[in-house]
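Here the structure comes first, spelled out in structure tokens, and everything after it is commentary.
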Amino acid sequence: MSISCGWKRVHSQRHHVRELCRTIEAPSSSSKKQLRPLRILQMQLRCLPRHPLRPQPPPILPRLPNPGQRNVFTAQGRSDPNENTGISILNCKGAAAEDLIPVVSEFRNYLGRPWKEYSRTVYLLSHIEGLIDPAGWLEWDGDFALATLYYGEYMNRGPGANTSARVTWPGYRVINSSTEANQFTVGSFIEGGEWLPPTGIPFYLGLSSP
């Protein structure tokens, strides 16, 4: 599966992103804490609006898999429930890539599956097209991590955003509180207000642009 999510804007800022990563990875007395956001960084930056004045939901585009395969958008892993890592997909669009569109009904597509025991992924205010399986999420190995993961969906739209037939795992929830959803914004989840401004990359701190 290939994911495309705001590539044009990120490519234009490649120098800034590399400089930023080198700064975060530099050894220091608190280097362990500094490294943690890196698992979130790429998805967050790729899902930022492409233009600061006219934001457009950037797409996540699963491509045509091999026969018998399935597409899974994410496979996040946390081995410790205290790790402040995860994948937050905010104001994006999930749709089939051009090579998948003609045969999209022949393949199952999922929002994510667990990689490690405390996998954490959320979709917030995104447009999800009808290619997503009604269950939404895929198990990895039997009931592994289904009670310890954190998967959430908050006020998404589109035919694939219907949660009525979603998985009933203990770790899955439909997020109904804006307070809970705000934990996964650029401002709260990766503290973007502290280090994103010098990069020149457009962003907003909350659930939506001001």
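In UniProt numbering, the protein residues as written are 1 to 210. Positions of the beta carbon are idealized from the N, C-alpha and C atoms, including for glycine. If you're wondering where the values come from, they're calculated on a predicted model, not measured in any experiment.
Query	Result
Per-residue burial, W195 [other beta carbons within 10 Å of its own, 16 or more giving buried]	exposed
Three or more C-beta pairs below 8 angstroms linking the region 123-134 and the region 86-94	yes
Span separating the alpha-carbon of E83 from that of A165	30 angstroms
Among S119, R63, P114, nearest to D99 - alpha-carbon criterion	R63
Coil, strand or helix - I132 by DSSP	strand
G68, enclosing beta strand (DSSP E) - first and last residue	From DSSP, G68 is part of no beta strand (DSSP E); its letter is neither H nor E.
Alpha-carbon spacing of G130 relative to T85, whole angstroms	29 angstroms
Neighbour-count burial assignment, I60, 16 or more Cβ in a 10 Å radius	buried
Boundaries (first-last residue) of the beta strand (DSSP E) holding T121	120-124
Cut-off 7 angstroms between Cβ atoms - residues of its own chain near R108, not counting five sequence neighbours on either side	R70, D133
Residue(s) in a DSSP beta bridge with V174	E153
Neighbour-count burial assignment, N156, 16 or more Cβ in a 10 Å radius	buried
Local Cβ density within 10 Å of C5, reported as buried at 16 or more and exposed below that	With a pLDDT of only 33 at C5, under 50, the local geometry of the prediction cannot be trusted, and no value is derived from it.
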